[in-house]
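Protein chains in written order, with this note's numbering: chain A, 340 to 799; chain B, 5 to 624. Glycine is no exception: its CB is placed at the ideal position from the N, C-alpha and C atoms.
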Amino acid sequence: MNVNPTNAKEDTIVALSTAQGVGAIAVIRLSGPSAISITNKVFKGKDLEKEGSHTLHFGTIRDEGKVIDEVVVSLFVAPHSFTKEDVTEISCHGSPYIVQRLIQVFLKHGARLAKPGEFTQRAFLHGAFDLAQAEAVADLINADTEAAHQAALNQMRGGFSERIQALRQELIHFASMIELELDFGEEDVEFADRGDLKALIEQLLEAINGLVNSFDLGNVIKNGVPTVIAGKPNAGKSTLLNALLNEEKAIVSNIPGTTRDFIEDEVTIGGINFRFIDTAGLRETTDTIEAIGVKRTQEQMQKASLIIYMFDLAEDTIVEVNREINQLENLGIPFLKVANKMDVAQPELKAALEKMEGITYISAGNKENIEGLKEKILEAVNLGNFKTGDTVVTNLRHYDSLLRSRNALNDVLAGLGNNITGDFLAMDIRQALHHLGEITGEITTDDLLTNIFSKFCIGK
Amino acid sequence: MFPEYDIVVVGAGHAGCEAAAAAANMGSKVLLATMNMNTIAQMSCNPAMGGVAKGQIIREIDALGGYSGIISDKSTIQFRMLNKSKGPAMWSPRTQNDRMRFAEEWRLALERTPKVDFWQEMITGLLIEKDRVVGVKTSLGIKIMSKAVILTNGTFLNGLIHIGEKQFGGGRSGEKAAKGITEELIALGFESGRMKTGTPPRVDGRSLDYSKMEEQPGDKEPGRFSYLDTPKLKEQRSCFITYTNNEVHSTLEQGFDRSPMFNGRIKGLGPRYCPSIEDKINRFAERDRHQIFVEPEGWDTVEIYVNGFSTSLPEDIQYAAMKRIPGFEKAKMFRPGYAIEYDYFPPTQLQLTLETKLIDNLYFAGQINGTTGYEEAACQGLMAGINAHHKTREIDPFVLKRSDAYIGVLIDDLINKGTDEPYRMFTSRAEFRILLRQDNADIRLTPLGHEIGLASTERLQRVEAKNHKVKELTHTLATRKIIPKEVNEVLGHLQTASLKEKAPIINLLKRPEINIQQLAEVDSVTQKHFETYSKEILDQTEIQIKYANYIDKEKQLAQKMESLDSFKIKKGFDYDELKALSSEAKEKLNQIKPQTIGQASRISGVSPADISILMVYLGK
Chain A
340 MNVNPTNAKE
350 DTIVALSTAQ
360 GVGAIAVIRL
370 SGPSAISITN
380 KVFKGKDLEK
390 EGSHTLHFGT
400 IRDEGKVIDE
410 VVVSLFVAPH
420 SFTKEDVTEI
430 SCHGSPYIVQ
440 RLIQVFLKHG
450 ARLAKPGEFT
460 QRAFLHGAFD
470 LAQAEAVADL
480 INADTEAAHQ
490 AALNQMRGGF
500 SERIQALRQE
510 LIHFASMIEL
520 ELDFGEEDVE
530 FADRGDLKAL
540 IEQLLEAING
550 LVNSFDLGNV
560 IKNGVPTVIA
570 GKPNAGKSTL
580 LNALLNEEKA
590 IVSNIPGTTR
600 DFIEDEVTIG
610 GINFRFIDTA
620 GLRETTDTIE
630 AIGVKRTQEQ
640 MQKASLIIYM
650 FDLAEDTIVE
660 VNREINQLEN
670 LGIPFLKVAN
680 KMDVAQPELK
690 AALEKMEGIT
700 YISAGNKENI
710 EGLKEKILEA
720 VNLGNFKTGD
730 TVVTNLRHYD
740 SLLRSRNALN
750 DVLAGLGNNI
760 TGDFLAMDIR
770 QALHHLGEIT
780 GEITTDDLLT
790 NIFSKFCIGK
Chain B
5 MFPEYDIVVV
15 GAGHAGCEAA
25 AAAANMGSKV
35 LLATMNMNTI
45 AQMSCNPAMG
55 GVAKGQIIRE
65 IDALGGYSGI
75 ISDKSTIQFR
85 MLNKSKGPAM
95 WSPRTQNDRM
105 RFAEEWRLAL
115 ERTPKVDFWQ
125 EMITGLLIEK
135 DRVVGVKTSL
145 GIKIMSKAVI
155 LTNGTFLNGL
165 IHIGEKQFGG
175 GRSGEKAAKG
185 ITEELIALGF
195 ESGRMKTGTP
205 PRVDGRSLDY
215 SKMEEQPGDK
225 EPGRFSYLDT
235 PKLKEQRSCF
245 ITYTNNEVHS
255 TLEQGFDRSP
265 MFNGRIKGLG
275 PRYCPSIEDK
285 INRFAERDRH
295 QIFVEPEGWD
305 TVEIYVNGFS
315 TSLPEDIQYA
325 AMKRIPGFEK
335 AKMFRPGYAI
345 EYDYFPPTQL
355 QLTLETKLID
365 NLYFAGQING
375 TTGYEEAACQ
385 GLMAGINAHH
395 KTREIDPFVL
405 KRSDAYIGVL
415 IDDLINKGTD
425 EPYRMFTSRA
435 EFRILLRQDN
445 ADIRLTPLGH
455 EIGLASTERL
465 QRVEAKNHKV
475 KELTHTLATR
485 KIIPKEVNEV
495 LGHLQTASLK
505 EKAPIINLLK
515 RPEINIQQLA
525 EVDSVTQKHF
535 ETYSKEILDQ
545 TEIQIKYANY
555 IDKEKQLAQK
565 MESLDSFKIK
575 KGFDYDELKA
585 LSSEAKEKLN
595 QIKPQTIGQA
605 SRISGVSPAD
615 ISILMVYLGK
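Structure below.
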């Protein structure tokens, strides 16, 4: 058995340090030599590397220019911290989605996900604890690890992991072939076909990308299905949102274009969390601020898992409705056609719509048929085999390994492109196998030798 | 009749010879005890040294100040650098050797080592006082006192030779087995096992038809193992390659019912990577041929080693089958092939110094630890010799890390993982293969060898000069600027991209398609510089520049491992106290008694969770 020596104190680790779940505020902690520089890379506000220990700094955390959240960063410079290393603590808003996004950003910039109890462990290693305190922590660590193990097993049952496992087996075979030509090149052995290897790596990358994306989707579901309410100005989108929320949240007025940005809120329907996003209306506009709103609406729609398209039975024409439905079909995102203001419908429009299928008639203002719409919303979101109960951290752990596998596999591809020799290819393949092994099980060099000896006739 | 020795070495094979030489050269008074002084440093298997991973080990032994490299160089009849088409980590020196010359050179080298005494007799027991070895007993009943004992018994402990249905005691063809030691060690509480290995027949070279075989000559520019100036090869002998065929296989199959391998008489486990010919055709029935490597045994002898045809089938079957190999139609056999079973002691009973955990000052090296191969044995002997010397002088242990040397990988694997089959080194066993190259064994190890007083000052000075020159040449290449219009034509001829702006010439060397010799074609000033450097310096500079990214990546991984290895575990720690550990981990940790957290993490059955718990408990 080989352990990836990631306990090395040179790493910078990151984890959520408050409880999982929704709260007003969550705290994410980074510890290690690069804690401050990594935080500084994504933090917009003061230059943290120039600030002193035990100071607080307000600002925003951004990913590729986009603001994720407004935060307060607490700085602790080594050795004046819990772990005796450089530490930053980021207080952000307590939504699991924001927490997840922030941790992802830190991972992207070089932090590694902390193992259960690792902050405590580091604190202990740096002499911040005595043995009696540490004993109590050790039992905790054990429990955490078993829980993590169980969660990983659940995840392994998904089809994607099976595919990764199968592809990993093939990669082991290839790794053995390469080791074979390295260690037994003098003998009568066949060599690994580089074209086949390249094809395999590409397959693996595709599967890993799929897993990375499914992780994103899984979390989207867990953190709320993003649902956009779209439609022409004054179609009653904000009124519908209020009806769903049962409270006055959006600014409701009958002046078209009142909602210039989106308003989000969460509603649980049938046990599933939906994140409803009320948008500015879709229309040609000369108002600059509103034009920005429309543009952002379109962006939001691209990212949505479901669109509720609303039109106005009292005002719209069949030509407009058909055109907008066409546009929505081109987006390729599931959408519901919702006809609002059924109490004041134009008879000719109603007649024209009767030929069309799948329309839900409501009156948002009178809260009529809102329950019917909720049912349609549930039906529209196909949740497949999604299981609740996976913890966010376990997912992130796998996500971390997947990103690392992907990097190593990309290095293999680059190496193949440069025609590098087997010993260097083997180095990157081993890294990839190691990280894939973190997801599916363990790998040691002994596996490779066993594979060689069972499959090939070697030895003089 | 005998003085008290610092160290008695039992057995004079590759391990015993290196152990005796190293300890004596460091200042210990050594007795080398062997059953037969005429068979010191026998090559019991094929007459060759080095090869993939093994060649690196020989260079490591040499860099530390051991003798195997020098002895091999002095008895070489052919030199080849294997794997030249692969990256520099795979380049592996291998020599064919004159079997008799090799043994003679070792004997003479030992005779010239002032503090080595010899005694020819079977050692039948150990003198133990309070869990500490204090000497040995001989078959004549003599007691020889010593502060430490190194056992390097090879295949001699209760050795049992099989040829077909016949079996007889023996440590090697024509030599008797050693009795008594195994029984005594078991009585002391050691656990033992049986292993098996084998050799092919030897034949008369004059009876072979080489025109039916493929010749494999030595390298045009032969290298050598030693970093010192051992004599250059002036002429070389060729090896030859031929193949078995279905006729050979079906002839062999006629003897399967009389095979000790298949009828269960051989109980020991043999190496999967060095199978007998009957094993090969049995396990890989779909293959219609297997390679036979015909190796000359020396400059003058006509004896030939038929590598690839290791067998314990009855001699009549061996002979009949061999005659069906192309080139062997008229072969005359000198000695039949045979299999040998012998006792070994699972190496998990040792510490990283190769001292046993049960008995103080008692060391094991070589096949007694379940390894196979001259190189594997020699390097263990060297390390046991160094550490026995250190122990008797109360100097800290000398342990090589996995990132220091193949020697470190080998011993770490043995101690932590143990082995069920004869353990042979492969480059794939090393996680830091790119760092453990044959070209830098001196850079890696000579400073360490010098520090312990084994590698000479001359060796250290050579390494320092090498490092200095490589640095100097690297600086020259980094500061020498080349101009597009002066070099782009040549770059075109070399089929590499042209330069867009003025750049240091070192940048060209980072391109995969450009080698250091070609820089001379590109730039005449650089060509002039090169004239003052040896090929070794040019090669070393090229490797360090061209593969810098990969080398750095492995160095970082190695540092991570080191930080765990620097984390010491107190001696005598009781793992049963840790309730949180898995029961398998507790058992293994109590058995292996790792010295560091890093070592604990490499024990099979110890999970990362167990390591976290250990770190919390033990970390300070």
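Cβ pair residue i, residue j closer than 7 Å
i, j, result
"E54(B)", "I62(B)", "Checking the displayed sequence, the identity of residue 54(B) turns out to be Gly instead of Glu. Yes, they are a contact pair."
"A57(B)", "A392(B)", "no"
"K506(B)", "K485(B)", "yes"
"K33(B)", "Y71(B)", "no"
"V353(A)", "D402(A)", "no"
"T203(B)", "Q371(B)", "no"
"D617(A)", "S577(A)", "yes"
"I44(B)", "A23(B)", "no"
"P330(B)", "T248(B)", "no"
"G193(B)", "L354(B)", "no"
"I167(B)", "P340(B)", "yes"
"R84(B)", "M47(B)", "no"
"G174(B)", "G184(B)", "no"
Helix, strand or coil at residue i [DSSP, three-state]
i, result
"Q240(B)", "coil"
"P300(B)", "strand"
"N679(A)", "strand"
"F266(B)", "coil"
"P97(B)", "strand"
"P488(B)", "helix"
"T566(A)", "strand"
"A19(B)", "helix"
"T117(B)", "coil"
"Y427(B)", "strand"
"V413(B)", "helix"
"I549(B)", "helix"
"T727(A)", "Bear in mind that a pLDDT of 34 at T727(A), under 50, signals an unreliable position, so the number given afterwards is only what the model happens to contain. Three-state result, T727(A): coil."
"Q499(B)", "coil"
"E587(A)", "With a pLDDT of 44 at E587(A), under the threshold of 50, the predicted position of this residue should be treated as unreliable, though the coordinate-derived value follows. Here E587(A) sits in coil by DSSP."
"R745(A)", "helix"
"K694(A)", "coil"
DSSP beta-bridge partners of residue i
i, result
"K383(A)", "T399(A)"
"H166(B)", "Q171(B) and A343(B)"
"V606(A)", "F613(A)"
"R606(B)", "None; R606(B) has no bridge partner."
"N311(B)", "F297(B)"
"Y348(B)", "G197(B)"
"G139(B)", "L131(B) and M149(B)"
"V353(A)", "L369(A) and L452(A)"
"Y700(A)", "A678(A)"
"E359(B)", "Y367(B)"
Check: residue i C-beta below 6 Å from any heavy atom of the ligand GTP
i, result
"T427(A)", "In terms of ligand content, the structure shown is empty, and the ligand GTP therefore cannot be addressed."
Legend entry - Residues of the stretch 194-211 of chain B with Cβ closer than 9 Å to any Cβ of chain C, in chain order: You won't find chain C in this structure, because its protein chains are A and B.
Legend entry - Contacting positions in the stretch 84-106 of chain B - beta carbon closer than 7 Å to chain A: L86, N87, K90, G91, A93 and M94
Inset, instruction - Output the residue ranges of the beta strand (DSSP E) runs that lie fully inside the stretch 37-62 of chain B and measure 3 residues or longer, sorted by chain position. - result: 52-54
Inset, instruction - Would you mind listing the beta strand (DSSP E) stretches within the stretch 176-262 of chain B that are 3+ residues and don't spill past its ends, in chain order? - result: 197-203, 206-208, 218-220 and 243-247
Legend entry - Proximal residues, the stretch 389-417 of chain A versus chain B, C-beta separation under 8 Å: none
Inset, instruction - Let me know the beta strand (DSSP E) ranges lying completely inside the stretch 410-466 of chain A, each 3 residues or longer, listed in chain order. - result: 426-432
Legend entry - Contact residues within the stretch 746-771 of chain A, judged by C-beta distance below 8 Å to chain B: N757, N758, I759, T760, G761, D762, F763, A765, M766 and R769
Inset, instruction - Could you name the residues of the stretch 513-532 of chain A whose beta carbon sits closer than 7 Å to any beta carbon of chain B, in the order they occur along the chain? - result: E518, L521, D522, G524, E525, E526 and D527
Legend entry - Contacting positions in the stretch 431-460 of chain B - beta carbon closer than 9 Å to chain A: T431, S432, R433, A434, E435, R437 and I438
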